[in-house]
Amino acid sequence: MEISSKENTQFFSNNTILPVDRSSFKSESSASKEKQSCCGGIKVFLGALSFVYFAKALSGSYLKSTITQIERRFDIPSSLVGVIDGSFEIGNLLIIILVSYFGAKLHRPRIIGAGCLIMSAGTFLIAMPQFFMGRYQYERFPSTINSTASISPCLQDKSQTPLSALEKSQAKINAGCEKEAGSSMWIYVLLGNLLRGIGETPIQPLGITYIDDYAIEENAALYIGCVQTVAIIGPIFGFLLGSLCAKLYVDVGFVDLDSVTITPKDVQWVGAWWLGYLIAGVISVLAGIPFWFLPKHLPKPQRRKDSSTSSEQSKFIPEDNKDQHKSYQEQVKIAEMAKDFLPSLKNLFGNPVYILYLCASIIQFNSLIGMVTYKPKYIEQQYGQTSSKTNFVIGLINIPAVAFGIFSGGLIMKKFRINVLGAAKLSLASSFFGYLLLLSLFAMGCENSAVAGLTVSYHGTKGMPGYEQALFSECNSGCACSKNDWDPICGENGVTYISACLAGCQASSGSGKNTVFFNCSCVGTLESPSQNSSAVVGPCQKGKECPKMFLYFLVISVITSYTLSVGGTPGYILLLRCIKPHLKSFALGIYTLAIRVLAGIPAPVYFGVAIDTTCLKWGSKRCGGRGACRLYDSSALRYVYLGLTLVLGTVSIFFSVAVLWVLRKRSTPQDETLSATGERGSSGTKSRKDNFVHSDHLIQTTYWPEKETRL
């Protein structure tokens, strides 16, 4: 084992000097040494971890892309969708402390491999409701369904409706009520996402610290940046997969698609949301395979053997010689590991930099998680885009900007040899300019669609009181209409009507998507006074200025995403370098736990609740009760969505300023001079190391000159 370690050290470190008698071992177990060189190196682990990050990011981003699809399929409000999205973080919460603390002492690669299998099982579970629920039912007036029955949309006298049609309609309602329990199948989506969270738990704390333990110090920042950059490819494919599946009808392969009378532009459209989860589950299984063949330990680079930043497991288990190492390792018990738990926790919370950075991250992640979760919904509702186009744009334009930003942050850290103080400055500047750009998005919105009785009156007056009684007017007073229906049609005057009945239409021709309504009395009361006004199936398009505003939004959104992402890698380095070496996994675990509990779980919920307050028209379930929102107030949605994001981001900046202030206070002029010139005096180094050992409040592993020049 010692021979193989020396071989690996030379292979992965150009600066390693091997003993003179190395040649005497060349003839022994050459095949075994070659195998371990290929499979046991940090670069192999780096590649495997990158693929796992790709897999978990793909499934996570695909969930974000299907938020509106799930909301419509299960007929639930945004707040409940937020609970489903937050269940992933609850899964992390259940075992994050155990995994991050005890996992550092166990076989980290295999724990990651087991997590991948659990993550794939959860992904498959999310898709299962599709195979147990009935076919998707959407609201449509009988005349728009392929039928030979001629029924007037405006039922002035219910006796004009054929008895058979009424009976069939009532029978469908009763059948729907019998299957209404199927709508509770969203619980399986929640449980599947919970399981995904449990499986994903060990990947970040154990994977990142494994790299930081065994990589050359000056390459650590670049490696972490590479892992996160490759991980961004996952969301690209996740959103593109979401775009593809959103084009396919939810029951594709189960129903005749020619009988589907709605299009992807309709707010009732539900794509094949379940299909992507099956694909993501298979990828997660494949991603976990390599970790079952990776070693528990890797040889440390020679330059790190003499450094005080030795690996966590070498701190926990002495490495006097191979025999003592193995025998002592066999005697280690979980109870012995647990003795140091509370002192370690006290040490972390006694570090002011760690606490302040933790607070800044929690608030910033509240902002970012809420924004990312409902970004597809915001684009769909604000700019009138389809789910497919929205996911395509996010995956092909927004996500690459994030990837480039994260990689740029790591590259800047390495090229300019930025120390922890510089990392804090870079992270703060990234957040400040990112949220400053976000402020400009308030001016890039679209006006509300003209919807009779909701955003405009039947007489063309803008601004409605916002109650459903306004849906009725003199022009449709003679019709037996329901205010709960949502079957929008577009009048020739450019106004959308909630249903053909509320538009006062007396006749129709055609069927399905090609249905045309005639003699619509409410359409004639606006700009076109003719009583022969017509309307077509589906809502009207947004205003002429909306496509231009959408382009402006995309440009600013891309720049903002890049700017905020530049601070990602410096933030990780700041987190790793402000704590003691043997507490890195534990600190990352606590950090992740706090993000999950205080940001990942509540942010989607209260963002969803806030967004629900901007709803103008709620759908109705078949057996009564409120369903999913059909129409939002565009202006209110813009101010709630962007305003909440900006307020949280601003608060996080104040905490980032506090982090920088504490770092400046703890640092000395001598530290900054050495950091700038790269000088390393042996006496100065020794004195600073001595001061470090005797002070828990100093910035741990930060102000050693050899550390600063190798980030």
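Under the UniProt record's numbering, think of the first position of the sequence shown as 1, with each following residue one higher.
From the three backbone atoms N, C-alpha and C, an ideal C-beta is built for every residue, glycine too.
Membership of Val536 in the beta strand (DSSP E) is indicated by the continuous run Ala535 to Val537. In terms of Cβ geometry, Thr209 and Lys665 do not form a close pair [threshold 7 Å].
Taking the Cα positions, Val647 is about 12 Å away from Phe432. Secondary structure note for Trp618: its beta strand (DSSP E) is the uninterrupted segment Cys615 to Ser620. Taking the Cα positions, Thr592 is about 47 Å away from Val456.
Listed as beta-bridge partners of Gly491 by DSSP are Ala535. Under DSSP, no beta-bridge partner is assigned to Leu94.
If you compare the alpha carbons of Val285, Pro153 and Val270 with that of Cys522, the shortest gap goes to Pro153. Membership of Gly192 in the alpha helix (DSSP H) is indicated by the continuous run Trp186 to Glu200. In terms of CA proximity to Ser557, Met444 leads the group Arg72, Val52, Ile283 and Met444. Ranked by Cα distance from Leu426, the first of Gly253, Gly410, His107 and Asp266 is Gly410. Per DSSP, Ser561 is one residue of the alpha helix (DSSP H) stretching across Cys546 to Val566. Annotation for Ser477: no beta strand (DSSP E) segment contains it, and DSSP assigns it neither H nor E. A straight-line Cα-Cα distance of about 11 Å links Gly47 and Gly207. Counting along the chain, Ala507 sits inside the beta strand (DSSP E) bounded by residues Cys505 to Ser509.
By the CB criterion at 7 Å, Ile363 and Ser652 fall inside the cutoff. Relative to the Cα of Ser259, the nearest Cα in the group Cys490, Arg135, Gly608 and Ser65 belongs to Arg135. By the criterion of a C-beta distance shorter than 6 Å, Phe518 is surrounded in its chain by Ala507 and Ser534, once the five residues flanking it on both sides are discounted. Collapsing the DSSP output to three states places Arg72 in a helix.
Its chain contains Ser78, Val81 and Ala628 as the residues whose beta carbon lies nearer than 7 Å to that of Glu71, once the 5 sequence neighbours on both sides are disregarded; these appear in chain order. When secondary structure is reduced to three states using DSSP, Tyr641 falls in the helix class.
Here DSSP, grouped into helix, strand and coil, assigns Arg108 to helix. Fewer than three Cβ pairs drawn from the stretch 222-238 and the stretch 479-487 lie within less than 8 Å of each other, which leaves the two stretches out of contact. Every alpha helix (DSSP H) stretch that sits fully inside the stretch 192-256 and reaches 4 residues is listed by chain position as 203-214 and 217-247. Between Gly370 and Thr563 a beta carbon distance of about 18 Å is seen, past the 8 Å cut, so the two are scored as non-contacting. Following the DSSP letters along the chain, one finds Cys359 inside the alpha helix (DSSP H) bounded by residues Pro352 to Thr373.
Around the Cβ of Lys296, a 10 Å sphere holds fewer than 16 other Cβ atoms; the residue is exposed.
Secondary structure of Cys446 (DSSP, three-state): coil.
DSSP places Ala628 in the strand class (E or B) of the three-state scheme.
Leu190 and Gly625 have their C-alpha atoms spaced approximately 21 Å apart. DSSP places Asn347 in no beta strand (DSSP E) but in the uninterrupted alpha helix (DSSP H) bounded by Phe341 to Phe349. Look at Thr569 here: in three-state DSSP terms it is helix. Among the bridge pairs identified by DSSP, Ala452 is matched with Val456. Cβ neighbours of Phe365 within its own chain (closer than 8 Å, five residues either side excluded): Ile595, Ala599, Gly600 and Ala603. The beta carbons of Pro376 and Ser388 sit about 10 Å from each other, so the pair does not count as a contact at 8 Å. Shown here for Ser367: same chain residues with a beta carbon closer than 7 Å to its own, the five before and five after excluded, namely Thr645, Leu648, Gly649 and Ser652 in chain order.
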